[in-house]
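Residue numbers (our numbering): 354 to 720.
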Ligand SMILES: Cc1cc2nc3c(=O)[nH]c(=O)nc-3n(C[C@H](O)[C@H](O)[C@H](O)COP(=O)(O)OP(=O)(O)OC[C@H]3O[C@@H](n4cnc5c(N)ncnc54)[C@H](O)[C@@H]3O)c2cc1C
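Put into structure tokens, the structure is as follows:
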């Protein structure tokens, strides 16, 4: 019998394998597509932020920075002596209209309680800091400008975690698990992302297709933060000499990952040009789509022990934030598995009880 089997070698599987291996557990990671063609993490925007409503999400975002900042030491291996996640710490800027303002003022109390280091300004002052913005229709904005939020290269980060886990003894194998009962192990961790329901049919997670467009603009602001325009739901950030922009239009039941190209003209370009007038001159240069592991109950992580099994733990449902939460989730699951309770960030609020009781714990700031 195996000690630990992790199903899914994506970012959550790799992080959990790393933290468990560090504690001396013998981990086998089973991944059905080692090229990760449809996995969520390589198709993500790479963003990490602490600007959430709920304290646990804020604290997971804070830990992401701490962890990513140290990987040149912690994830160093013989084969990968200089690991990097290519962090771009440009910050996040979240823009709120009157319909979201009150909620955001509440969120700011949680930011303060968690010492998140975020700043808040009225929309009327936005142009003093972000000269490129059209503040029309906005009421307030929150941002960071001290290199504590930004984005990373998800592939490099995954590679660093996986390599270190392997050096610590983990084995990554190709395999497609059909039933959780097919695994014989002391501890099983389901890290199957948006496909979790195939293994655990009572978990309300579904693949939700999201499209990202790549665009070019004569005016390039390389220092621009990852900006989320809450009134339109469109978000964007610089990428090299271009920009990436996410569509707010998401879809379930899409077996293919063809981008929703019509969204560009209908939704994304108008919203971009409205908020950044220079984006009127955009040119579409490409795009892709990927699946969010969408928690259809409350848009929030589902993490912990499955109450119907002796030895099954799971982590999924991150709904657009699994990459940034992967360090905290891998560490937290390891604490739960090895000591029976969380030792650092208390993740019990993401447990399975609320799911089966259908008690929503919705995180409002999904991009
Ligand atoms: C367009 C887009 C933008 C995003 N932007 C961000 C962002 O900026 N920041 C952020 O934090 N998050 C972002 N995300 C979300 C993030 O990518 C996901 O939440 C995260 O990747 C989930 O990690 P995971 O390891 O659970 O799933 P995945 O990365 O999908 O990995 C799961 C793996 O499990 C394997 N698997 C599944 N079932 C089985 C089985 N039965 N047997 C064997 N293997 C199996 C799959 O092949 C897959 O490789 C974005 C996602 C998308 C699509």
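No residue lacks a Cβ here, since even glycine has one placed at the ideal position from N, Cα and C. Treat the numbers as computed from the prediction; the structure is a model and nothing was measured.
Next on the checklist: Quick check: residue 561 and residue 570, are their CB atoms within less than 9 Å of each other?
Outcome noted: As a working note, residue 561 is residue 208 in the chain shown. As a working note, residue 570 is residue 217 in the chain shown. Contact flag unset, no.
Checklist entry - Excluding sequence positions up to five away, which residues of its chain have a Cβ less than 6 Å from the Cβ of residue 387? => result Numbered from 1 along the chain shown, position 34 holds the residue referred to as residue 387. Cβ within range, chain order: 527.
Checklist entry - Helix, strand or coil: which one does DSSP assign to residue 619? => result Numbered from 1 along the chain shown, position 266 holds the residue referred to as residue 619. Residue 619 falls in the helix class under three-state DSSP.
Checklist entry - Smallest Cα separation from residue 620: which of 515, 586, 558? => result Start at 1 with the first residue of the chain shown, and residue 620 comes out as number 267. It is 586 whose Cα lies nearest to the Cα of residue 620.
Next on the checklist: Buried or exposed for residue 354, going by 16 or more other Cβ atoms inside 10 Å?
Outcome noted: Working through the chain shown from its first residue, we reach residue 354 at position 1. It is exposed - the Cβ of residue 354 has fewer than 16 other Cβ atoms within 10 Å.
Checklist entry - Is residue 718 helix, strand or coil by DSSP? => result Stepping through the chain shown from its first residue, residue 718 is reached at position 365. Coil, per DSSP.
Checklist entry - Out of 405, 632, 615, which has the shortest C-alpha to C-alpha gap to residue 460? => result Locating residue 460 in the chain shown gives position 107, counting from the first residue. Here the closest residue by C-alpha is 405.
Next on the checklist: Taking the straight line between their C-alpha atoms, what separation do you get for residue 422 and residue 414?
Outcome noted: Counting from 1 along the chain shown, the entry for residue 422 is found at position 69. Counting from 1 along the chain shown, the entry for residue 414 is found at position 61. In this model, residue 422 and residue 414 are separated by some 13 Å (Cα to Cα).
Next on the checklist: Using C-beta distances below 6 Å, list every residue in its chain close to residue 408, excluding the 5 sequence neighbours before and after it, in chain order.
Outcome noted: Along the chain shown, one-based indexing puts residue 408 at 55. Hits under 6 Å: 463, 467.
Checklist entry - Relative to the C-alpha of residue 690, which residue among 659, 708, 673 is closest? => result By 1-based counting over the chain shown, the position of residue 690 is 337. The residue with the shortest Cα to Cα distance from residue 690 is 659.
Checklist entry - What are the start and end residues of each continuous alpha helix (DSSP H) run of 4 or more residues lying completely inside the stretch 507-586, in chain order? => result If we require 4 residues or more, the alpha helix (DSSP H) runs fully inside the stretch 507-586 come out as 507-520.
Checklist entry - With contact counted as at least three CB pairs below 8 Å, one residue from each stretch, are the stretch 533-549 and the stretch 584-604 in contact? => result Under the Cβ criterion (8 Å, minimum of three pairs), the stretch 533-549 does not count as touching the stretch 584-604.
Checklist entry - Just curious, the beta strand (DSSP E) that residue 651 is in, first and last residue? => result Here residue 651 corresponds to residue number 298 of the chain shown, with the count starting at 1. Secondary structure note for residue 651: it is in no beta strand (DSSP E), with a DSSP letter that is neither H nor E.
Next on the checklist: Taking 8 Å as the cut-off, is the beta-carbon of residue 657 closer than that to any non-hydrogen atom of ligand 1?
Outcome noted: To locate residue 657, count along the chain shown from 1; it is residue 304. Relative to the non-hydrogen atoms of ligand 1, the Cβ of residue 657 never comes closer than 8 Å to any of them.
Item to check | Exposed unless 16 or more other CB atoms sit within 10 angstroms - verdict on residue 452 | outcome: As a first step, residue 452 must be located in the chain shown, where it is residue number 99. Within a 10 Å sphere around the beta-carbon of residue 452 sit fewer than 16 other beta-carbons, which makes this residue exposed.
Item to check | Simplified DSSP assignment, three categories, for residue 608 | outcome: Mapped onto the chain shown, residue 608 falls at position 255. Reduced to three states, the DSSP call for residue 608 is coil.
Next on the checklist: So, at 7 Å on beta carbons, what are the nonlocal neighbours of residue 436 in its own chain, with the 5 sequence-adjacent residues on each side left out?
Outcome noted: Counting from one through the chain shown, the residue named residue 436 turns up at place 83. Annotation for residue 436: 424, 425, 428, 429, 513 place their beta carbon closer than 7 Å to its own, counting only its chain and skipping 5 residues before and after.
Checklist entry - Tell me the DSSP bridge mates of residue 474? => result What you label residue 474 is simply residue 121 of the chain shown in a count that begins at 1. BP columns for residue 474 point to 494.
Checklist entry - Buried or exposed: residue 582, going by 16 or more other Cβ atoms within 10 Å of its Cβ? => result What you label residue 582 is simply residue 229 of the chain shown in a count that begins at 1. By the C-beta density criterion, residue 582 is buried, having at least 16 other C-beta atoms within 10 angstroms.
Item to check | Cross-strand partners of residue 646 (DSSP beta bridge) | outcome: As a first step, residue 646 is located in the chain shown; it is residue number 293 there, counting from the start. DSSP, once it has assigned bridges, lists 560 as partnering residue 646.
Next on the checklist: Any heavy atom of ligand 2 inside 8 Å of the beta-carbon of residue 513?
Outcome noted: As presented, the structure is devoid of ligand 2, carrying ligand 1 as its sole ligands.
Item to check | Beta-carbon gap between residue 517 and residue 371 smaller than 9 Å | outcome: The residue you call residue 517 lines up with position 164 of the chain shown. The residue you call residue 371 lines up with position 18 of the chain shown. Against a cut-off of 9 Å, the Cβ pair of residue 371 and residue 517 comes out as a contact.
Next on the checklist: Can you tell me whether residue 556 is buried or exposed? The criterion is at least 16 other CB atoms within 10 Å of its CB, across all chains shown.
Outcome noted: Numbered from its first residue, the chain shown carries residue 556 at position 203. By the beta-carbon neighbour count (other beta carbons within 10 angstroms, threshold 16), residue 556 is buried.
Checklist entry - Where do the ends of the alpha helix (DSSP H) carrying residue 461 lie? => result Within the chain shown, the letter at position 108 stands for residue 461. That run of the alpha helix (DSSP H) goes 451-466.
Item to check | Touching by the beta-carbon criterion (3+ pairs, under 8 Å), the stretch 647-656 and the stretch 606-620 | outcome: No contact exists between the stretch 647-656 and the stretch 606-620.
Checklist entry - Near residue 671, which residues of its chain fall below 7 Å by C-beta distance, leaving aside the five closest residues on each side in sequence? => result For this step, residue 671 is matched to residue 318 along the chain shown. Here the set comprises 646, 654, 678.
Item to check | Other residues of its chain near residue 520: CB distance less than 6 Å, five sequence neighbours each side excluded | outcome: Here residue 520 is taken as the residue at index 167 of the chain shown, counted from 1. Result list for residue 520: 430, in chain order.
Checklist entry - Helix, strand or coil for residue 401 per DSSP? => result Counted from its first residue, the chain shown places residue 401 at position 48. Residue state, collapsed to three classes: strand.
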